[in-house]
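Only one structure is covered here, and it is reproduced in the block below.
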Amino acid sequence: LWLVDKNVDNLKSYPQITQPADKLQKNEVIAFPTETVYGLGANAQSDEAVQKIFKAKGRPSDNPLIVHIASIEQLQDIAAVIPEKAKELMNHFWPGPLTIIFEKKPNVLSDLVTAGLQTVGIRMPDHPVALSLISASGLPIAAPSANTSGKPSPTTAGHVHDDLNGKIAGIVDGGPTGVGVESTVIDCTENIPVIFRPGGITREEIESVIGPVTQDAALKQTSAAPKSPGMKYTHYAPKAPLVLIKGDQAFLQQLVNEKRAVGMKVAVLAAKEHVQAYDADWIMSPGSLADLKTVAAGLYDTLRAFDELDVDFILSESFPDAGIGEAIMNRLVKAAGHQIISE
Ligand code: TXA
Ligand code: MG
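Going letter by letter, the sequence shown gives residues 5 to 347 in full-length UniProt numbering.
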């Protein structure tokens, strides 16, 4: 474990960065903070290194990894074509929580990174620790979220430790991440770009820069086959069953009462504004409706906290499905395994 203060100058020369960078060069895997969630990084050019990521996470090998870079030169080494709309997005949102899918150059990355696809997802994270670690290593860094596959993504070094201690070469602890949900994934290989995963940069923000984009059909309908392989897997689920409720507080309370009447211990996930409205065994809140960014920032910590409780059933409120709310609702639907009860 390397503890880093992300606010100090010239991070690149600190041993807390040079030591993990050295591990990356030796094809070891290291967890590190980004502005979204902690990533599990390894040398994207090495089969041996990338294999270790899949093994530590227990991740299916057909789910490709995002490549993290610290400079535009690194992008030019990897992407075969850089479309105009991608350039505009990079200018506006990099470094930041936006992953752009490009056609890849052959023979630059390990094929394991892209799971056999001809495209590669690339992003430049907006976090001083991530950027200095990547540039100190001098490598493109493949990094999925640093959780055990299926669990909520980690927003603290403690979450990473809970999942992966003993399975990786180390953790760089830069404190809690800020955004709290993963990057938005957008495919810019088509003339009209397609959002594969809603995330830290909203659709509205993207459209204000490049005009209309579409969304992968699988994001809205549960039947269509997703184009982004990761979207088909169960994710973010607490151990106890979680059901997403579309209805008002009285409707949700009635469902709590029904579960308690048959002897179940019930937890509610609710907006800060509503915690007083419920009578349940536990009421947990990720953040406030007045600022949905706080909900995104606290969401995974709340989902993980349910596993510390002796809870039988979890009922979650819905959140407004616009802006950062699109990413929040996308993750809650997945945490619920698509179990939704509407009023
Ligand atoms: O915020 C984030 O993006 C975090 C931090 C660590 O950077 N990373 C992250 O990685 O969330 P991961 O592996 O958990 O999610 C990557 C997503 C998956 O849904 C994957 O299917 C998709 O990106 N993806 C990656 N490469 C792709 C490609 N070439 N085509 C389509 N989807 C791709
Ligand atoms: Mg993930």
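Glycine included, every Cβ here is placed at the ideal spot set by N, Cα and C.
When DSSP builds the beta bridges, which residues end up paired with residue i?
i: valine 272; result: Ile287, Leu319
i: lysine 250; result: Ser346
i: threonine 22; result: None, per the DSSP bridge assignment.
i: threonine 40; result: DSSP lists no partner for threonine 40.
i: asparagine 47; result: Ile145
i: glutamine 219; result: Ile199
i: leucine 7; result: Asp177
i: alanine 35; result: Leu44, Ile175
I'd like to confirm something about residue i: is its beta-carbon nearer than 6 angstroms to some heavy atom of the ligand MG, or not?
i: serine 187; result: no
i: serine 157; result: yes
Quick check: does the Cβ of residue i come within less than 6 angstroms of any heavy atom belonging to the ligand TXA?
i: alanine 147; result: yes
i: proline 68; result: yes
i: threonine 152; result: no
i: valine 41; result: yes
i: phenylalanine 317; result: no
i: residue 348; result: The structure shown does not extend to residue 348, since the chain is modelled only from 5 to 347, so the question has no answer here.
i: glycine 125; result: yes
i: threonine 38; result: yes
i: phenylalanine 97; result: no
i: isoleucine 105; result: yes
i: leucine 121; result: yes
i: phenylalanine 310; result: no
i: phenylalanine 200; result: yes
How long is the line joining the alpha carbons of residue i and residue j, rounded to whole angstroms?
i: threonine 159; j: asparagine 195; result: 34 angstroms
i: glutamate 312; j: proline 242; result: 10 angstroms
i: glutamate 209; j: threonine 218; result: 14 angstroms
i: asparagine 261; j: lysine 269; result: 10 angstroms
i: histidine 239; j: asparagine 95; result: 31 angstroms
i: alanine 134; j: serine 322; result: 33 angstroms
i: lysine 297; j: glutamate 107; result: 32 angstroms
i: glutamate 125; j: methionine 333; result: In the sequence as presented, glutamate is not what sits at residue 125; that position holds glycine. C-alpha separation (whole angstroms): 23 angstroms.
i: glutamine 122; j: valine 315; result: 44 angstroms
i: tyrosine 18; j: alanine 147; result: 22 angstroms
i: proline 180; j: valine 272; result: 24 angstroms
i: aspartate 283; j: phenylalanine 58; result: 42 angstroms
i: residue 1; j: aspartate 220; result: Missing from the structure shown is residue 1; the chain here goes from 5 to 347 and no further.
i: leucine 15; j: isoleucine 344; result: 46 angstroms
i: proline 64; j: glutamate 347; result: 36 angstroms
i: alanine 90; j: glycine 327; result: 21 angstroms
i: isoleucine 145; j: alanine 339; result: 28 angstroms
i: valine 279; j: alanine 119; result: 43 angstroms
i: alanine 228; j: alanine 222; result: Because alanine 228 sits at a pLDDT of 46, beneath the cut-off of 50, its placement in the model cannot be relied upon, and the point is left open.
i: threonine 226; j: arginine 308; result: Bear in mind that a pLDDT of 48 at threonine 226, under 50, signals an unreliable position, so the number given afterwards is only what the model happens to contain. If I take the Cα positions, the gap works out to 25 angstroms.
i: leucine 116; j: lysine 56; result: 11 angstroms
i: aspartate 325; j: lysine 30; result: 44 angstroms
i: proline 129; j: isoleucine 73; result: 8 angstroms
Give a yes or no on whether the C-beta atoms belonging to residue i and residue j are separated by under 7 angstroms.
i: isoleucine 190; j: arginine 127; result: no
i: valine 247; j: leucine 336; result: no
i: alanine 60; j: valine 54; result: no
i: serine 141; j: alanine 254; result: no
i: tyrosine 304; j: proline 202; result: no
i: isoleucine 205; j: phenylalanine 97; result: yes
i: glycine 184; j: alanine 301; result: yes
i: leucine 102; j: threonine 188; result: yes
i: glycine 43; j: alanine 150; result: yes
i: glycine 182; j: glutamate 330; result: no
i: glutamate 92; j: valine 213; result: yes
i: aspartate 51; j: serine 114; result: yes
i: isoleucine 21; j: serine 136; result: yes
i: lysine 10; j: proline 132; result: yes
i: serine 33; j: glycine 178; result: Residue identity differs from the one stated: residue 33 is valine in this sequence, not serine. For valine 33 and glycine 178, no; Cβs fall outside 7 angstroms.
i: alanine 274; j: serine 292; result: no
Is any heavy atom in the ligand ATP found nearer than 6 angstroms to the beta carbon of residue i?
i: leucine 256; result: Absence of the ligand ATP is noted for the structure shown, with the ligand TXA and the ligand MG being the only ligands found.
- In the segment 71-142, which residue ranges form an unbroken alpha helix (DSSP H) of at least 4 residues, counting only runs that do not cross its ends? 76-82, 88-97, 132-141
- Item | Inside the segment 165-200 only - beta strand (DSSP E) runs reaching at least 3 residues | 188-191
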